[in-house]
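The next block holds one structure in the form of structure tokens; read it before the comments.
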Amino acid sequence: MSKPLTKTQFVAALADKMGTDKKTASAALDALADVVTSEVVAGGAVTLPGIGKVVCRARPERQVRNPATNEVITKPADKVVKITVAKALKDSVNG
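Each residue of the sequence shown is one higher than the one before, counting from 78 in the numbering used here.
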């Protein structure tokens, strides 16, 4: 398995695909991240066509066990970000 792209490598690849400079590609990536973050924090969902859907879900309070001591404690309710991968991306990877 290859190493994941760093932000610098991703920005360079994005600039190449867009036919623009790295500064513009970096600004586009930062803007995309800001839009997704603000929408998910507000409780909404973002669908990135061909990639997947990003959504924030609430998890209720629950009982969890410490594996080291077997002590059962109550974990408070929290929120978690879920990403559902698009079928097109799954098919591309498996096809």
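For every residue, glycine included, the Cβ atom is placed at its ideal position computed from N, Cα and C.
Predicted, not measured: the structure shown is a model, and the values here were computed from it.
When C-beta atoms of the stretch 89-107 are compared with those of the stretch 116-128, fewer than three pairs fall below 8 Å, so the two segments do not count as touching.
Taking all protein chains shown into account, residue 88 has 16 or more neighbouring C-beta atoms within 10 Å of its C-beta and is therefore buried.
Taking the Cα positions, residue 168 is about 25 Å away from residue 83. Taking residue 158 as reference, the option from 103, 135 and 124 with the minimal CA-CA separation is 135.
Leaving aside the five residues that flank residue 99 on each side, the residues in its chain whose CB is nearer than 8 Å to its CB run, in chain order, 88, 89 and 92. Counting only runs of at least 4 residues, the stretch 85-124 fully encloses the following alpha helix (DSSP H) elements, listed from N- to C-terminal order: 99-118. Sequence-distant Cβ neighbours of residue 128 in its own chain, meaning closer than 8 Å and more than five residues away, are 162, 163 and 166. Rounded to whole angstroms, residue 86 and residue 107 show a C-alpha spacing of 14 Å. Taking C-beta atoms under 8 Å as the contact rule, residue 124 and residue 140 fail to qualify, at a distance of about 34 Å.
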